[in-house]
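Read in order, the letters of the sequence shown are residues 56 to 542 in the UniProt record's numbering.
Where is the CB? At the ideal position from N, CA and C, for every residue including glycine.
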Amino acid sequence: TINGSKDSEKPRDKLLGGLLTDDFDEDSCLSRYHKSFLYRKASPYKPSEYLVSKLRSYEMLHKRCGPGTNAYKKATKKLNQDENYAKKSVGECKYIVWIASYGLGNRILTLASVFLYALLTERIVLVDQSKDISDLFCEPFPGTSWLLPLDFPLMSQLDSYNKNYSRCYGTMLINQSINSTSIPPHLYLHILHDSRDQDKMFFCGKDQTLINKVPWLIVQTNVYFIPSLWLNPTFQTELIKLFPQKETVFYHLARYLLHPTNQVWGMVTRSYDAYLSRADETLGIQVRVFSRRAGYFEHVMDQILACTQREKLLPQVASQEESQVVITTNNTSKTPKLKAVLVTSLYPEYSDTLKNMYWERPTSTGDIVQVYQPSGERVQQTDKKLHDQKALAEMYLLSLTDNIVTSARSTFGYVAHSLGGLKPWLLYQPVRGRTPDPPCVKAISMEPCFLTPPSHGCEAQKGINSAKIVPFVRHCEDLRHDGLKLF
Ligand code: GDP
């Protein structure tokens, strides 16, 4: 139907099983309530009651400590004093500031990671608004704001924090300038792809005891670090209660936290209503090319075709001779199905090739294939408002498809499939310009991958393979023997 609802049996559960509060005005953020679930299939995954109650308590805490409160004012004063928090109590309001960096997929994965860490450690999460975050997402917590006020005392320095900063946790460990008798009012956490072993000590139990006493944490991260939180015994017990279905962590967190603004939602629904809603079946294909000279490559196109045909996601096209037969017998066969393919890529050539292929020849099944690509931006332009809005709209659109093929190592793809509750077919990253064989692998979990996890365990476990510690955290399918992912 035109309103995008193609599953008339779905329960009208606008609060997603209690995940969302009823406290918001609907029109200010259409994606949050009914509009969003009209476009989604009924969810097979329900949030645990424990998660729901934890979110409600978090919302109250955020209201008490958030921007504009006396607690917030008092807390920001701590930043200017050089007090030692080893013996001093931090009080009720502790904070973690998220710095926006890297592409939008990275940002979304890290917002979820930092928010979960805040839930676990009872910190308030505040987000750097100097980039375009408020053009992308609605406020997630009722009666308060998650935006870091622009007059935050360390505002001017946020962009320059790196491993060399004297208050960087890993650097302080190297310099032995932090221990249980000397705790600063703020710490910078560097959890990026280039983190050192010392930066990654953040995930260890003993280090968390120290870090817990610090009033302000400022984190720059571009990785989905949630799998490593599960390896910390103190968090693990709580995490199992919050997420009895382990592969639903990002799925629930993203649906709770990230609601596209009306402008982005308009882009999602216009595309959906025009190109996807009438199809009998939808397939998303996300093509990310990481090689130095990016663009259109024959071997990547071959890989997409090999994967979608081998896995029977798309019908084959008939050969020249068969074409005639198919056309003549088509009248007698059953009603053809309409398959809509949503392609997203910086480059338009992949979908153009696919579109031509299905126009020039009939399919061997008689089914009709319609190909659509919303944008083809050619180059990444992170922090340009409309560019980022398009990227977000496309991730959401992909998440609404029935099946999805995504590119290895791409956080853009991870967000799309995890948000949709979809186990993707992951296209292996080509090596030396060759189509990988097999071209893709079906993921056994819908969770995103932590691409650069610690290669060591904590304390006594040093040197241990972190994919072997618990059965539900393993290497990622797309990286073969690397990365960490929840199953
Ligand atoms: P990753 O680099 O694949 O892990 O994903 P990121 O989202 O972190 O960074 C890539 C950025 O490039 C995106 O945020 C977009 O700005 C842009 N981009 C890459 N692929 C696409 C695409 O398919 N569609 C759109 N609109 N933008 C894309």
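- As a beta-bridge residue in DSSP terms, P315 pairs with F192.
- The Cβ-Cβ distance between L116 and H241 does not fall below 8 Å.
- Shown here for K497: same chain residues with a beta carbon closer than 6 Å to its own, the five before and five after excluded, namely W480 in chain order.
- The beta carbon of K296 is closer than 6 Å to those of Y105 in its chain, skipping five residues each way along the sequence.
- Pairing A448 with M356 gives a Cβ-Cβ distance that is not under 8 Å.
- Here the alpha carbon of N411 sits roughly 23 Å from the alpha carbon of D457.
- Excluding five sequence positions before and after A309, the CB atoms of its chain that fall closer than 8 Å to its own CB belong to I163, A167, V470, S473 and L474, given in chain order.
- Proximity of the beta carbon of L272 to the ligand GDP is not indicated: no heavy atom of the ligand is located closer than 7 Å.
- Within 10 angstroms of the beta-carbon of R487 lie fewer than 16 other beta-carbons, which makes it exposed.
- The residue among T76, S83, D80 and Q136 with its C-alpha nearest the C-alpha of Y113 is T76.
- Beta-carbon to beta-carbon, G431 and S462 are separated by about 16 Å, too far to satisfy the 8 Å threshold.
- Distances from the CB of K540 to the heavy atoms of the ligand GDP are all 7 Å or more.
- Distance check between L453 and each of I519, L360 and S332 places S332 closest, using alpha-carbon atoms only.
- If you draw a 10 Å sphere on the C-beta of I233, you find 16 or more other C-beta atoms in it, and that means buried.
- Remark: the shortest separation between the CB of L159 and any heavy atom of the ligand GDP falls under 7 Å.
- The three-state secondary structure of V470, taken from DSSP, is helix.
- Taking a 10 Å sphere around the C-beta of W201, we find 16 or more other C-beta atoms and assign the residue as buried.
- Judged by pairs of C-beta atoms under 8 Å, the region 183-201 touches the region 118-127, as three or more such pairs exist.
- G538 and P282 have their C-alpha atoms spaced approximately 10 Å apart.
- Closest in C-alpha terms to V460, from the list W285, I179, A361 and L175, comes A361.
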